[in-house]
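Colleague: Protein chains in written order, with the numbering used here: chain A, 215 to 551; chain B, 215 to 551.
Let me begin by handing over the structure; questions about it come next.
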DNA sequence: TCATTCTTCCAAAACGTTTCGGAGGCTAAC
DNA sequence: GTTAGCCTCCGAAACGTTTTGGAAGAATGA
């Protein structure tokens, strides 16, 4: 491996000059620069990231904290899209990304893991609510961006999909089709995204002159099985219901199973709308109408925000990515049952 | 950030001693070591990865090269599982992983990208066949492990699922159910995995005393749409066929669509077996019987092999991970049609 | 002619760590 | 009492880069 020294020797100049020539400083003669550049190519020179990192005190590395899901989970595609968005933007800016999929071992903290790798900033996504990683990180002063997790802190921002508007679009679609009895299966009442989706549901009903009925709303912890059970109870108790809006695609699948179990034909007897637009949604039968989250953009914007922070520029405390509705075959006009 | 110097000052010893104490060398007095360790904790010391990397000339970083798929693709879960396996083992061994999802820009090569990041080794997965990244890397001398890509080279190994045996299990299952006319929809004739799966198909037929019929075999480039078309032609031309073995789950889904289109009831009129066991397979209707690939282990073993190589130990040229059959509802005894 | 400014270059320090080669001091053996 | 060996420690060099503070020489202006 040739170093800057070898080039300096070959070109008959000092290492300073080589460094400045290669980095495009103005205080080096154009001819000298070209000669140095040629020699660098001849010697197949590649700068040493690590040495540069040491002297500049910059690792140029950020982290993505996410929770591991084994055996693999349908939501995995969600994580991978975000990862791709983050990774791509990071690379464009000359940053490396390292991925933490497991929580720190022993009594170490996420922050310690970050410090050991000299991370300059960190993005979190899909961390379980049961541990306080986000608050912990927000308190350290390390630049942070949280996806779908609202935390107020000087050094942290958060980015999320426009969950309320997504719900609004789903409801508008159903109401437009003529549905009047629309149930809602939500995730957790304490999750930020759930609160927003519920807000969109409620408001759109009210704005459309439809009553908001407490008894049409259930929670199923984003779990398919649980959603199936809730839907069974709901549909039996309220046979007027002709449509169900679910706060996730997987819960929508649970509702589909409940509907099939009750002998419903979809979408004639029941329209179903999901949330997320997982790759999976297209493969349900019938293919699922659902609120699309632009996960790649979510990741990319999160990374943009983070790098802005790292490089000392001002950043908004939050960023909302638009949602859109993907209409497939699980919704239709209320049929005659 | 406190450094080793600060500790040395506080403890009244030299930096050498601090370094050797913290790294567990034997030539430092036990009491001194403990004192140093206490002070290190008090000062909240974390070793600087980068400085260590520079002096030891080790980046302790490996790369995972994979091709990007946007918009997201059902096969993404495959990549993410492999990533998780690689990442976890790498972390356990103190290595960082960086992920390349896009090909090098301009006239740069993968190898140059690796050198710039001072990677010590690299794993590839799912690179398109149209470019010669693997051969290029194998020729550089950089430690390499290729997943599902057979390359002979001194510095490279490859790891793959036992594709032939997977196919064998699929066929044995179908034959055991009583099927005698079993078609096969393969991927590309040139792909290593396709060749192996075909071998398993052929051999199991022969061993079971069933004829191998050229006309029962088609190729569909691992593409769902293409598989659907091929299946339509196949099933129309050969109505005796009661089962189809597909070299991927997505192609199996194409076959399902073809079968539905022909008015078949599954699995009564047609049994279908896939390959991969994507998360998706469970959501098909009917849920797909398929050959399970242990992707996490695939990634983990690839990483094990790579780190063995990096640390100078002898490694086998290849490693085959067992396959298993996941039986769901898309297969049954040949029905009366 | 002299002073000033500009252009082009360089020596040396610095980043935080590991490691080489040795240096005292003490104990044990002869 | 001398020698050998062990235990514990340390100074200094090294890794490859960037950056600071200047220096030599040329060009410019008065």
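We treat Cβ as the ideally placed atom computed from N, Cα and C, and that holds for glycine.
Does the Cβ-Cβ distance between residue 455 (chain B) and residue 395 (chain B) come in under 9 Å?
Modeller: Contact flag set, yes.
Colleague: With a floor of 3 residues, list each beta strand (DSSP E) that falls wholly inside the segment 485-521 of chain B, ordered by position along the chain.
Modeller: Whole beta strand (DSSP E) segments, 3+ residues: 485-490 and 503-506.
Colleague: With DSSP as the reference, label residue 534 (chain B) as helix, strand or coil.
Modeller: Here residue 534 (chain B) sits in strand by DSSP.
Colleague: What are the residues in the segment 342-370 of chain A lying within 9 Å of chain B by C-beta distance?
Modeller: Flagged: no residues at all.
Colleague: Have a look at residue 477 (chain B) and residue 289 (chain A) and give me their C-alpha separation to the nearest angstrom.
Modeller: The straight-line gap from Cα to Cα measures roughly 32 Å.
Colleague: Residues of chain B with a CB under 8 Å from the CB of residue 326 (chain A): which are they?
Modeller: Per Cβ cutoff of 8 Å: 260.
Colleague: Taking beta-carbon pairs under 7 Å, can you tell me which members of the segment 427-448 of chain A lie near chain B?
Modeller: Within the segment 427-448 of chain A, no residue has a Cβ that lies closer than 7 Å to any Cβ of chain B.
Colleague: Which residue from A:260, A:261 and A:267 puts its Cα closest to that of residue 263 (chain B)?
Modeller: Taking only the C-alpha atoms, the option nearest residue 263 (chain B) is A:267.
Colleague: For residue 337 (chain B) and residue 516 (chain B), which I take to be in contact (beta-carbon distance under 8 Å), what is that distance rounded to the nearest angstrom?
Modeller: At roughly 5 Å, the Cβ-Cβ gap stays under 8 Å, so residue 337 (chain B) and residue 516 (chain B) are in contact.
Colleague: Nearest CA to the CA of residue 279 (chain B): which residue from B:291, B:305 and B:325?
Modeller: Checked all of B:291, B:305 and B:325; the closest Cα to residue 279 (chain B) is B:325.
Colleague: Would residue 319 (chain B) be called buried (16 or more neighbouring beta carbons within 10 Å of its own) or exposed?
Modeller: The residue in question, residue 319 (chain B), is exposed, as its Cβ has fewer than 16 Cβ neighbours within 10 Å.
Colleague: Check for me: the alpha helix (DSSP H) holding residue 424 (chain B) runs from which residue to which?
Modeller: Premise fails: residue 424 (chain B) is in no alpha helix (DSSP H) and is neither H nor E.
Colleague: Just list the residues that DSSP pairs residue 381 (chain A) with in beta bridges.
Modeller: In the DSSP output, where bridge partners are listed per residue, residue 381 (chain A) has none listed.
Colleague: Verify the CB distance criterion: does residue 220 (chain A) have a CB-CB separation below 9 Å to chain B?
Modeller: No, because no Cβ of chain B sits closer than 9 Å to the Cβ of residue 220 (chain A).
Colleague: Between which residues of its own chain and residue 382 (chain A) is the CB-CB distance below 6 Å, once the five residues before and five after are set aside?
Modeller: Result list for residue 382 (chain A): 414 and 418, in chain order.
Colleague: For residue 307 (chain A), tell me which candidate among A:538, A:520, A:528 and A:531 has the shortest Cα-Cα distance.
Modeller: Among A:538, A:520, A:528 and A:531, the Cα nearest to that of residue 307 (chain A) is on A:520.
Colleague: For the segment 533-550 of chain A and the segment 237-249 of chain B, state whether three or more C-beta atom pairs, one from each stretch, are separated by less than 8 Å.
Modeller: Because the criterion of three Cβ pairs below 8 Å is not met, the segment 533-550 of chain A and the segment 237-249 of chain B do not touch.
Colleague: Helix, strand or coil for residue 399 (chain B), going by three-state DSSP, please let me know.
Modeller: Residue 399 (chain B): strand per DSSP, three-state reduction.
Colleague: Report buried or exposed for residue 432 (chain B), applying the criterion of at least 16 other Cβ atoms within 10 angstroms of its Cβ.
Modeller: When all chains shown are included, residue 432 (chain B) counts as buried.
Colleague: For residue 302 (chain B), decide whether its Cβ has a neighbour in chain A, counting only Cβ atoms nearer than 9 Å.
Modeller: Closer than 9 Å: yes.
Colleague: Around the Cβ of residue 551 (chain B), are there at least 16 other Cβ atoms within 10 angstroms (buried) or fewer (exposed)?
Modeller: In this prediction, residue 551 (chain B) has a pLDDT of 49, which is less than 50 and means its spatial position is unreliable; what the coordinates show is noted afterwards. By the neighbour-count rule (16 or more Cβ atoms within 10 Å), residue 551 (chain B) is not buried but exposed.
Colleague: Only counting the same chain, and skipping five residues up and downstream in sequence, which positions put a Cβ closer than 6 Å to that of residue 445 (chain B)?
Modeller: Closer than 6 Å at the Cβ level, and outside the excluded window around residue 445 (chain B), lie 469 and 472.
Colleague: For residue 387 (chain B), which residues from the same chain have a beta carbon less than 8 Å from its beta carbon, with the 5 sequence-adjacent residues on both sides left out?
Modeller: Correct list, in chain order: 487, 503, 539, 541 and 545.
Colleague: With a threshold of 9 Å between beta-carbons, can residue 543 (chain B) be considered close to chain A, or not?
Modeller: Not one chain A Cβ lies under 9 Å of residue 543 (chain B).
Colleague: Check this for me: beta carbons of residue 484 (chain A) and residue 457 (chain A), under 9 Å apart or not?
Modeller: Cβ atoms of residue 484 (chain A) and residue 457 (chain A): closer than 9 Å.
Colleague: What is the DSSP secondary structure of residue 460 (chain A), counted as helix, strand or coil?
Modeller: Strand, per DSSP.
Colleague: Could you run through the segment 484-509 of chain B and flag, in chain order, every residue whose CB is less than 7 Å away from some CB of chain A?
Modeller: For the segment 484-509 of chain B, which is checked against every Cβ of chain A, the residues closer than 7 Å are 493, 494, 497, 498 and 499.
Colleague: Is the beta carbon of residue 458 (chain A) within less than 8 Å of some heavy atom of the ligand PLP?
Modeller: Absence of the ligand PLP is noted for the structure shown, with no ligands found whatsoever.
Colleague: Give a yes or no on whether 9 Å exceeds the smallest Cβ distance from residue 329 (chain B) to chain A.
Modeller: Output row for residue 329 (chain B): interface = yes.
Colleague: With DSSP collapsed to three states, give me the class of residue 361 (chain A).
Modeller: Strand.
Colleague: Just checking: is the beta-carbon of residue 286 (chain A) within a distance shorter than 9 Å of some beta-carbon in chain B?
Modeller: Answer yes: the Cβ-Cβ gap between residue 286 (chain A) and chain B drops below 9 Å somewhere.
Colleague: How should residue 173 (chain B) be labelled, buried or exposed, when 16 other C-beta atoms within 10 angstroms of its C-beta is the threshold for buried?
Modeller: In the structure as shown, chain B starts at 215 and stops at 551, and residue 173 (chain B) therefore has no counterpart that could be examined.
Colleague: Can you grab the Cα-Cα spacing for the pair residue 449 (chain A) / residue 401 (chain A), in whole Å?
Modeller: Near 18 Å, if we compare the C-alpha coordinates of residue 401 (chain A) and residue 449 (chain A).
Colleague: What are the boundary residues of the beta strand (DSSP E) that residue 433 (chain A) is part of?
Modeller: Element bounds for residue 433 (chain A): 431-433.
Colleague: Within a Cβ cutoff of 6 Å, which residues of the same chain sit near residue 547 (chain A), ignoring the five residues on either side of it in sequence?
Modeller: Answer for residue 547 (chain A): 391 and 392, listed in chain order.
Colleague: Under 9 Å between C-beta atoms, does residue 264 (chain A) make it to chain B?
Modeller: For residue 264 (chain A), the answer is yes, since a Cβ of chain B falls inside 9 Å of its Cβ.
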